[in-house]
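The block underneath contains the structure these notes are about, expressed in structure tokens.
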Amino acid sequence: MDSRDQTLFLQEAVQAALDSGTPLNLVGGGSKAFYGRPAVGAPLSLNQHQGIINYHPSELVMTARAGTKLADIEQTLAEHRQMLAFEPPHFADTATLGGAIACGLSGPRRPFTGSARDVVLGCKIINGKAEVLSFGGEVMKNVAGYDVSRLMVGAMGCLGLLLDISIKVLPKPDLTAGTCFELTASAALRAMTTLSRQSLPLSGLSYDGRLLYARFSGYESAVRAALQKVGGDTPGSADFWQDLNEQRHAFFQTDSTLWRLAVPPATPELAVPGEWLFDWGGGLRWLTSNAPALKIFAAAGLARGHAVQFRAQDRTGDCFQPLTGKLQQLNRSVKQAFDPDGIFNPNRMYQDW
Amino acid sequence: MTSTQPHHSERIHHQVALHVLVNELKTCLPDSAIIAEPEALRPYECDGLSAYRCLPWLVVLPATVAQVQHCVRCCYRHGVPIVARGAGTGLAGGALPLDNGVLLSLVRLNRILDIDSANRLARVEPGVRNLAISQAAASHGLYYAPDPSSQIACTIGGNVAENSGGVHCLKYGLTTHNILQLDIITMDGELVTIGSHGLDGPGLDLLALMTGSEGMLGIVVAVTVKLLPLPEQVQVVLAAFDDVEQAGLAVAEIIAAGLIPAGLEMMDKATIKAAEDFIHAGYPEDAEAILLCELDGSAAQVDEELELAVALLAGSGASHISIAKSEQERKRLWAGRKAAFPAIGRLSPDYYCMDGTIPRRFLATVLKGIAELSEHYGLAVANVFHAGDGNLHPLILYNADLPGDLQKAEQFGGDILKLSIAVGGTISGEHGVGIEKINHMCMQFSTQELTQFHAIKRAFDGRGLLNPGKAIPTLSRCAEFGAMHVHHGQLPHPGIDRF
Ligand SMILES: Cc1cc2nc3c(=O)[nH]c(=O)nc-3n(C[C@H](O)[C@H](O)[C@H](O)COP(=O)(O)OP(=O)(O)OC[C@H]3O[C@@H](n4cnc5c(N)ncnc54)[C@H](O)[C@@H]3O)c2cc1C
Chain A
1210 MDSRDQTLFL QEAVQAALDS GTPLNLVGGG SKAFYGRPAV GAPLSLNQHQ
1260 GIINYHPSEL VMTARAGTKL ADIEQTLAEH RQMLAFEPPH FADTATLGGA
1310 IACGLSGPRR PFTGSARDVV LGCKIINGKA EVLSFGGEVM KNVAGYDVSR
1360 LMVGAMGCLG LLLDISIKVL PKPDLTAGTC FELTASAALR AMTTLSRQSL
1410 PLSGLSYDGR LLYARFSGYE SAVRAALQKV GGDTPGSADF WQDLNEQRHA
1460 FFQTDSTLWR LAVPPATPEL AVPGEWLFDW GGGLRWLTSN APALKIFAAA
1510 GLARGHAVQF RAQDRTGDCF QPLTGKLQQL NRSVKQAFDP DGIFNPNRMY
1560 QDW
Chain B
6 MTSTQPHHSE RIHHQVALHV LVNELKTCLP DSAIIAEPEA LRPYECDGLS
56 AYRCLPWLVV LPATVAQVQH CVRCCYRHGV PIVARGAGTG LAGGALPLDN
106 GVLLSLVRLN RILDIDSANR LARVEPGVRN LAISQAAASH GLYYAPDPSS
156 QIACTIGGNV AENSGGVHCL KYGLTTHNIL QLDIITMDGE LVTIGSHGLD
206 GPGLDLLALM TGSEGMLGIV VAVTVKLLPL PEQVQVVLAA FDDVEQAGLA
256 VAEIIAAGLI PAGLEMMDKA TIKAAEDFIH AGYPEDAEAI LLCELDGSAA
306 QVDEELELAV ALLAGSGASH ISIAKSEQER KRLWAGRKAA FPAIGRLSPD
356 YYCMDGTIPR RFLATVLKGI AELSEHYGLA VANVFHAGDG NLHPLILYNA
406 DLPGDLQKAE QFGGDILKLS IAVGGTISGE HGVGIEKINH MCMQFSTQEL
456 TQFHAIKRAF DGRGLLNPGK AIPTLSRCAE FGAMHVHHGQ LPHPGIDRF
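If you're matching them up, the sequences are chains A and B in order. Heads up, the first sequence is in the numbering used here, so the first residue is 1210 and it goes up one at a time. Heads up, the second sequence is in the numbering used here, so the first residue is 6 and it goes up one at a time.
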């Protein structure tokens, strides 16, 4: 057996934790340890569970162990001129596939080619009863049974330990090139709406408070035609998209709390004090602000979206949009359905589980 | 024909008399929304899988969310099971009624609540037909991408419940990739909003769980779908092949070359002939198989892709390649494809549509396997399917009036599903499990996995009143199915109680 297959070891570790009633803190590469509520429990490292199990470039599918480094996956894909189209942010060289899926974060390409949850086709997990279970598979369409694989995305490891994950990958475009426009925030939102409603090979649409950046990807002639059609200036920095995704852009260098709001893209500027950066054509709003959390959650909810306190000094309160009523009850019941004893990442997502 | 009953382990027992429930329903529902007379119940006895029938105990047709809520609460109070129904075009018996349950039809909740063109989304009631959304969005230059072949009839609520796909899902994804928010009513009568109008929602991704859950977790009463800008240009290429397997290989070649067409559909000789006779689409009738390859996007992009597609198809041995010269010709080529099922319906008294999905590199192998099985069982088969996704739809032709023919068709179907699983595929790509493939779930999932599914079900519907006996088999059903499997050395018939 492949020595990097740690399934049995991990299953024993979960069983031991169950027997002794010790909650576990699941750790991939630790690159997103800042995200969510503070981790409690005995650390269980998953980054030894490594390796690409299956990769058929012609099928656009890869199955890899959760501890496989994102960088390794991206390198293997690049050798076949393919990529992870959801552009997962790494935040550190140690970032793993499991962490990317558990956090469910997607980069600037997300509105145009799909999210982390969109590309997941199947997964193998250990549930809270220390059982190894497989859901979905390596095919593009699969409606046999509930879609547990996509439920795992963004669940912060609270439902189960991700062992192996099958994802859809995409061909790398021939050419990627961008343009930019100097605009006010409200004009930028309008321009992003106009661009999004056209048939253009968009792969990014962001506004950093001064410049609106549009990125196009595809065949060379198609990208050139798009650039010619929309006009604008050549961006000064070729690294803008990378810096945005990895939060190296100057906007993110702050001591204030960083918030992430997902809202309908044409939502007008929200009345919350702070600095804003728009991504996803307006659908994702980064905010640095010291306004009270409740105010920000309320503003996001009112806009029919939701907010996440992304980076903060104090993470003891709610980091994810608070849930109420039956929705809160359903979330709790689903957690119990997977992890009845509450051993996986307790309270990492919500205070009550 | 005998009525199809749930497996004894899946049957819900209750004591309430019909008139008692009806009287309670009438406090919030008009008489016209309640059907109890046998003759009027008849149209609801089956969905698109007509081999399975059961006259419902009662049909309720609410027209508002409050009426749905009232109906669900009445049923909950008395422990009466509910089966939701959209247009009834499902092909897996998901909307098959119960003789002691309520069939809750959502077709009267058919309003388009809002088209928000700036945010490129539409909020609609569950009974809105799939095609009606794109029609309403067209004046805004937008459309809803998933387009099942049944789109003129099927409802968005049914699409959500089945995670339906369509011709354009290769590039644009399934229902699950194209919806943002659902309002559902849980079995205890609570109204819950899941997801958001942003690209992701708060808490666990219950939207993923709801999509494809076959009416087992909640009743969908509103759906927010994503709309996409209509492409600037659309082109379709028709390629003919002298050999089915070669066409299968061509599909794998196209994807491997990094070209992702908007749609990539395949039809075999039997289907070509049937569709041609029915629609006169202009297909080459001497071909063993054709591929329809659609490309869409900006004009420059479509030009590039067209050139690449033609080169790839020629390189993989197509005997004839043509590009639609006009929008009418393009529409006609697709009309033949979309009418393929009814066209085959004209050839044979009955057909049984399978839905296995496999890795594309096994297309040629599995098509060959199906042809061999067809000989073995002595039943003809027509293939028309979403080739680009590896989603097969072999239509097994049979005659229900001939004794044993249906059973033979079901065995043939079961063997195709086994073949799909053997090459790493699944028993259902888009039609769902319903009653039809519930026994085959025991082949695809372990006891522990099924137990996990049951735990999810309980989290939403603790008393198991929503669509019992569908999609997820009980362990006792599997034990029986498994035991029979060992005993006879072959797959037994689904729906044992019928025989
Ligand atoms: C000719 C033909 C072609 C087809 N082509 C395709 C195709 O290309 N792709 C594809 O994916 N399918 C296809 N189908 C299958 C079928 O059309 C789809 O499954 C469709 O989504 C069913 O919608 P419906 O409104 O008819 O639902 P129904 O058949 O009425 O119900 C289907 C399931 O959904 C549940 N349900 C319905 N409404 C709700 C609701 N509001 N809340 C909760 N549960 C609900 C029911 O309980 C049932 O389990 C085809 C069918 C036919 C007859």
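For glycine and all other residues, C-beta sits at the position ideal for the given N, C-alpha and C.
Query raised in the report: Under the criterion of a Cβ to heavy atom distance below 6 angstroms, does Val225 of chain B qualify as lining ligand 1?
Result: yes
Report task. Answer yes or no: the CB of Glu167 of chain B versus the heavy atoms of ligand 1, is any distance below 6 angstroms? Result -> yes
Report task. Could you check which residue in B:Leu297, B:Ile117, B:Ser155 and B:His83 has the C-alpha nearest to that of Arg337 of chain B? Result -> B:Leu297
Query - Own chain partners of Arg1541 of chain A with C-beta closer than 6 angstroms, once the 5 adjacent residues on each side are dropped - result: These residues qualify, in order along the chain: Trp1562.
Query - Where Gly320 of chain B falls: helix, strand or coil (DSSP) - result: Per DSSP, reduced to three states, the secondary structure at Gly320 of chain B is helical.
Query raised in the report: Beta-carbon separation of Ser1405 of chain A and Gly1490 of chain A under 7 angstroms?
Result: yes
Requested in this report: Measure from the C-beta of Ala123 of chain B to each C-beta in chain A and report whether the shortest distance is under 7 angstroms.
Outcome: yes
Query raised in the report: Ends of the alpha helix (DSSP H) at Lys1544 of chain A?
Result: Lys1544 of chain A -> alpha helix (DSSP H) spans Gly1534 to Phe1547.
Requested in this report: Could you tell me which uninterrupted alpha helix (DSSP H) segments, each at least 4 residues in length, are contained entirely in the stretch 41-78 of chain B, listed from first to last along the chain?
Outcome: 43-46
Report task. Please go through the stretch 252-327 of chain B and give each complete beta strand (DSSP E) segment of 3 or more residues, from N-terminal end onward. Result -> 268-273 and 294-302
Report task. Taking Gly350 of chain B as the reference, give the member of B:Val389, B:Ala316, B:Pro364 and B:Tyr382 with the closest Cα. Result -> When only C-alpha atoms are compared, the closest one is B:Val389.
Requested in this report: Return yes when the Cβ of Leu1233 of chain A is within less than 7 angstroms of the Cβ of Gly1250 of chain A, no when it is not.
Outcome: yes
Query raised in the report: If you measure from the CB of Asp52 of chain B, is any heavy atom of ligand 1 nearer than 6 angstroms?
Result: yes
Query raised in the report: Looking at the structure shown, is Lys1350 of chain A part of a helix, part of a strand, or coil, going by DSSP?
Result: coil
Query raised in the report: Can you list the residues of chain B that Thr1277 of chain A reaches, using a CB-CB cut of under 9 angstroms?
Result: Listed along chain B, no residue sits closer than 9 angstroms to Thr1277 of chain A by beta-carbon distance, the nearest being about 20 angstroms off.
**Report entry** 7 angstroms CB neighbourhood of Tyr1264 of chain A in its chain, flanking five on each side removed
**Finding:** Met1271 and Thr1285
Report task. Just the chain B side, please: which residues come within less than 7 angstroms of Ser1542 of chain A by C-beta, in chain order? Result -> Ala464
Query raised in the report: Per DSSP, what kind of secondary structure is Ala385 of chain B in: helix, strand or coil?
Result: coil
Report task. May I ask which residues mark the beginning and end of the alpha helix (DSSP H) holding Gln140 of chain B? Result -> Asn135 to Ala142
Report task. Closer than 7 angstroms by beta-carbon distance: list the chain A residues that pair up with Ile432 of chain B, in chain order. Result -> Against chain A, the beta carbon of Ile432 of chain B has neighbours under 7 angstroms at Ala1353, listed in chain order.
Query raised in the report: Measuring from the CB of Pro473 of chain B, is there a heavy atom of ligand 1 at a distance below 6 angstroms?
Result: no
Query raised in the report: Can you tell me whether DSSP reads Trp1562 of chain A as helix, strand or coil?
Result: coil
Query raised in the report: Does any residue of chain B bring its CB to less than 7 angstroms from the CB of Glu1288 of chain A?
Result: Judged by the 7 angstroms Cβ criterion, Glu1288 of chain A is not in contact with chain B.
**Report entry** Cβ-Cβ distance between Ala323 of chain B and Phe246 of chain B below 7 angstroms
**Finding:** Their beta carbons are under 7 angstroms apart, which means Ala323 of chain B touches Phe246 of chain B by this criterion.
Report task. Give a single yes or no on whether Asn164 of chain B has its beta carbon closer than 6 angstroms to a heavy atom of ligand 1. Result -> yes
Report task. Measure the CB-CB distance between Lys197 of chain B and Leu1536 of chain A and report whether it falls below 7 angstroms. Result -> A small correction: the amino acid at residue 197 of chain B is Val; Lys does not occupy that position in the sequence shown. Yes, the Cβ-Cβ distance between Val197 of chain B and Leu1536 of chain A is below 7 angstroms.
**Report entry** Phe1295 of chain A in three-state terms, based on DSSP
**Finding:** In the structure shown, Phe1295 of chain A sits in coil (DSSP, three-state: anything other than H, G, I, E or B).
Requested in this report: Mind reading off the beta-carbon distance from Leu1493 of chain A to Trp1485 of chain A? Whole number of angstroms is fine, and I expect it under 8 angstroms.
Outcome: Incorrect: roughly 11 angstroms between the Cβ atoms, too far for contact.
Query raised in the report: Taking contact to mean at least 3 C-beta pairs separated by less than 8 angstroms, is the stretch 55-71 of chain B in contact with the stretch 98-105 of chain B?
Result: Taking one beta carbon from each stretch, the stretch 55-71 of chain B and the stretch 98-105 of chain B have 3 or more pairs nearer than 8 angstroms; the two touch.
Report task. Answer yes or no: the CB of Arg16 of chain B versus the heavy atoms of ligand 1, is any distance below 6 angstroms? Result -> No, ligand 1 has no heavy atom inside 6 angstroms of this Cβ.
Report task. Indicate whether at least one CB of chain B lies closer than 7 angstroms to the CB of Arg1557 of chain A. Result -> no
Query raised in the report: In its own chain, which residues sit with a C-beta less than 8 angstroms from the C-beta of His492 of chain B, not counting the 5 before and 5 after it?
Result: Here His492 of chain B scores only 29 on pLDDT, less than 50, and its place in the model should not be relied on; the value that follows carries that caveat. Around His492 of chain B: no qualifying Cβ.
**Report entry** Collapsed DSSP secondary structure at Ser481 of chain B in the structure displayed
**Finding:** helix
Report task. Note down, in chain order, all residues in the stretch 47-78 of chain B with a beta-carbon under 8 angstroms from any beta-carbon belonging to chain A. Result -> Within the stretch 47-78 of chain B, no residue qualifies.
Report task. Please confirm whether Val225 of chain B and Val165 of chain B have their CB atoms less than 7 angstroms apart. Result -> In this structure, Val165 of chain B lies closer than 7 angstroms to Val225 of chain B by Cβ.
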